[in-house]
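Visitor: 4 is the number of the first residue of the sequence shown in the working numbering; add one for each residue after it. Using N, Cα and C, we set each Cβ at its ideal position, and we do this for glycine too. One structure follows; several queries about it will come next.
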Amino acid sequence: MRVFLHSGGPLGPVGRAALPDFFGPRRRVAFVTAANLGDEAVSFERIRAALEPAPPEGAGLELLHLRWDREPLATLAAADALFMGGGNTYALLQRLRGAGLLEAIRARVAAGMPYAGASAGSNVAGPTILTTNDWNVVALDRFDALGLVGFNINPHYKEMDPAMAPYSETRDDRIREYHVVNANPVAGLEEGAWLTVEDGVVTARGTARIKIFRRGEEPTWHHPGDRLRL
Numbered sequence: 004m005r006v007f008l009h010s011g012g013p014l015g016p017v018g019r020a021a022l023p024d025f026f027g028p029r030r031r032v033a034f035v036t037a038a039n040l041g042d043e044a045v046s047f048e049r050i051r052a053a054l055e056p057a058p059p060e061g062a063g064l065e066l067l068h069l070r071w072d073r074e075p076l077a078t079l080a081a082a083d084a085l086f087m088g089g090g091n092t093y094a095l096l097q098r099l100r101g102a103g104l105l106e107a108i109r110a111r112v113a114a115g116m117p118y119a120g121a122s123a124g125s126n127v128a129g130p131t132i133l134t135t136n137d138w139n140v141v142a143l144d145r146f147d148a149l150g151l152v153g154f155n156i157n158p159h160y161k162e163m164d165p166a167m168a169p170y171s172e173t174r175d176d177r178i179r180e181y182h183v184v185n186a187n188p189v190a191g192l193e194e195g196a197w198l199t200v201e202d203g204v205v206t207a208r209g210t211a212r213i214k215i216f217r218r219g220e221e222p223t224w225h226h227p228g229d230r231l232r233l
């Protein structure tokens, strides 16, 4: 299994350069826009303009637009790899489930298809989406996700600012609450960070740090190149 989970936001030159290495010879990539609550076609064209040009301007990928509401299973079948884009995590999970994509994507990844996600697309790779930053604007009532990895993701992680007002609630507070009732680890990805999972080995990548939260332990910071215990 090969998984690439990005914090979200712009990939930047380092992130764009990492994608061809991650996907290898599989350059026909289905890009999923189901997390987008705006104009999905406009969003897809923006991503395609960034990723289709040859390096260093882009990543040299051939993108297929996987629309959750327009023959998604056929598009998935035509692709060699998958990139799950960001947006609202709850809407994304609702649409994936309704389109029958959760089961189909799990099966393809288990069979060797590389999976890349950013922000909401990283959230849904875990067992649940309960550590997303998003609001449940679609009133989703089930939160189990793809389960490609055994840990949860908190994208766009930001450490507490010392200037915050007293009694402000932080990401660390929310993750501690999560661990009161859930045992699996959580990876907080700072902007510009991502991690890869290849043959069971989890590695910190990118240009920023990753903070690992484990139930009953103090969180630990990790830097690009570190192997992660998850």
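Roughly how many whole angstroms lie between the Cα atoms of Glu60 and Val32?
Guide: Taking the first residue of the sequence shown as 1, we reach residue 60 at position 57. Taking the first residue of the sequence shown as 1, we reach residue 32 at position 29. When rounded, the distance between both Cα atoms is 18 Å.
Visitor: On the premise that Ala123 lies in contact with Asn91, defined as a C-beta separation below 8 Å, what is that separation, rounded to the nearest angstrom?
Guide: Mapped onto the sequence shown, residue 91 falls at position 88. Mapped onto the sequence shown, residue 123 falls at position 120. The pair is a contact, with the Cβ atoms about 6 Å apart (cut-off 8 Å).
Visitor: Where does the unbroken beta strand (DSSP E) through Leu133 begin, and where does it stop?
Guide: Position 130 of the sequence shown, counted from the first residue, corresponds to residue 133. Segment: none, Leu133 is in no beta strand (DSSP E) and carries neither H nor E.
Visitor: In the DSSP assignment, the alpha helix (DSSP H) including Phe7 goes from what residue to what residue?
Guide: Taking the first residue of the sequence shown as 1, we reach residue 7 at position 4. Element bounds for Phe7: not the alpha helix (DSSP H) but the beta strand (DSSP E), Arg5 to His9.
Visitor: Quick check on the DSSP output: the beta strand (DSSP E) that includes Ala33 runs from which residue to which?
Guide: Walking along the sequence shown from the start, residue 33 turns up at place 30. Ala33 -> beta strand (DSSP E) spans Arg31 to Val35.
Visitor: Identify the continuous alpha helix (DSSP H) that holds Phe25 and give its terminal residues.
Guide: Position 22 of the sequence shown, counted from the first residue, corresponds to residue 25. Phe25 -> alpha helix (DSSP H) spans Gly15 to Phe26.
Visitor: Looking at the secondary structure, which residues open and close the alpha helix (DSSP H) in which Asn185 lies?
Guide: Counting from 1 along the sequence shown, the entry for residue 185 is found at position 182. Element bounds for Asn185: n/a, residue is neither H nor E.
Visitor: Could you tell me which of Leu99, Ile213 and Ala80 sits nearest to Trp71, measuring between CA atoms?
Guide: Here the question's residue 71 lines up with position 68 in the sequence shown. Residue Leu99 is the option with its Cα nearest to Trp71.
Visitor: For the beta strand (DSSP E) holding Arg217, just list the boundary residues, first then last.
Guide: Reading the sequence shown from its first residue, position 214 is the one you call residue 217. Counting along the chain, Arg217 falls outside any beta strand (DSSP E), and DSSP gives it neither H nor E.
Visitor: Please state whether the Cβ-Cβ distance between Ala81 and Leu22 is less than 8 Å.
Guide: Mapped onto the sequence shown, residue 81 falls at position 78. Mapped onto the sequence shown, residue 22 falls at position 19. It is not a contact, given that the beta carbons lie outside the stated cut-off.
Visitor: Could you say which of Ala94, Gly103, Thr134 and Tyr170 lies nearest to Val140 if we only look at CA atoms?
Guide: Numbered from its first residue, the sequence shown carries residue 140 at position 137. Val140 has its Cα closest to that of Ala94, out of Ala94, Gly103, Thr134 and Tyr170.
Visitor: Measuring CA to CA, which of Glu221, Ile215, Thr134 and Gly219 is closest to Arg230?
Guide: For the purposes of this step, residue 230 is identified with residue 227 of the sequence shown, where counting begins at 1. Of Glu221, Ile215, Thr134 and Gly219, the residue nearest in Cα terms is Ile215.
Visitor: For the beta strand (DSSP E) containing Glu65, list its first residue and its last residue.
Guide: Here residue 65 is taken as the residue at index 62 of the sequence shown, counted from 1. Here the beta strand (DSSP E) through Glu65 covers Glu65 to Leu69.
Visitor: Determine, using beta carbons only, whether Gly150 comes closer than 8 Å to chain C.
Guide: As a matter of chain content, chain C is missing from the structure shown, which is built from one protein chain.
Visitor: Using 10 angstroms around the beta-carbon of Asp137, count the other beta-carbons present and answer buried if the total reaches 16, otherwise exposed.
Guide: Position 134 of the sequence shown, counted from the start, is the residue given in the question as residue 137. Asp137 is buried by the Cβ-count criterion.
Visitor: Kindly indicate which residue of Thr36, Pro58, Thr206 and Arg73 has the alpha-carbon position closest to the one of Ile50.
Guide: The residue labelled residue 50 in the question sits at position 47 within the sequence shown. It is Thr36.
Visitor: With burial defined as no fewer than 16 other Cβ atoms inside 10 Å of the residue's Cβ, what is the status of Pro16: buried or exposed?
Guide: Against the sequence shown, residue 16 aligns to sequence position 13. Pro16 is exposed by the Cβ-count criterion.
Visitor: Would you kindly report the start and end of the unbroken beta strand (DSSP E) that includes Val200?
Guide: Counting from 1 along the sequence shown, the entry for residue 200 is found at position 197. Element bounds for Val200: Ala196 to Glu201.
Visitor: Have a look at the DSSP bridge pairing and note the partners of Gly228.
Guide: Against the sequence shown, residue 228 aligns to sequence position 225. BP columns for Gly228 are empty, so no partner.
Visitor: To the nearest angstrom, report how far apart Phe47 and Leu64 are at their CA atoms.
Guide: In the sequence shown, the residue the question calls residue 47 occupies position 44. In the sequence shown, the residue the question calls residue 64 occupies position 61. If you take the alpha carbons of Phe47 and Leu64, they lie about 13 Å apart.
Visitor: Considering only residues of the same chain and omitting the five flanking positions on each side of Ser10, which have a CB-CB separation below 8 Å?
Guide: As a working note, residue 10 is residue 7 in the sequence shown. For Ser10, where only same-chain residues beyond five positions count, the Cβ hits under 8 Å are Ala121, Ser122, Ser125, Pro158, His159, Tyr160, Leu192, Glu193, Glu194, Gly195, Ala196, Trp197, Gly209 and Ala211.
Visitor: When you compare only the Cα positions, how much space is there between Arg29 and Asp83?
Guide: Residue 29 sits at position 26 when you count from the first residue of the sequence shown. Residue 83 sits at position 80 when you count from the first residue of the sequence shown. If you take the alpha carbons of Arg29 and Asp83, they lie about 5 Å apart.
Visitor: If Thr131 sits next to Phe146, beta carbons under 8 Å apart, how far is it from one beta carbon to the other, in whole angstroms?
Guide: What you label residue 131 is simply residue 128 of the sequence shown in a count that begins at 1. What you label residue 146 is simply residue 143 of the sequence shown in a count that begins at 1. Right, their Cβ atoms sit about 5 Å apart.
Visitor: Are the CB atoms of Phe25 and Thr199 nearer to each other than 8 Å?
Guide: On the sequence shown, residue 25 is found 22 positions in, with the first residue counted as 1. On the sequence shown, residue 199 is found 196 positions in, with the first residue counted as 1. Yes, these two residues count as a Cβ contact at 8 Å.
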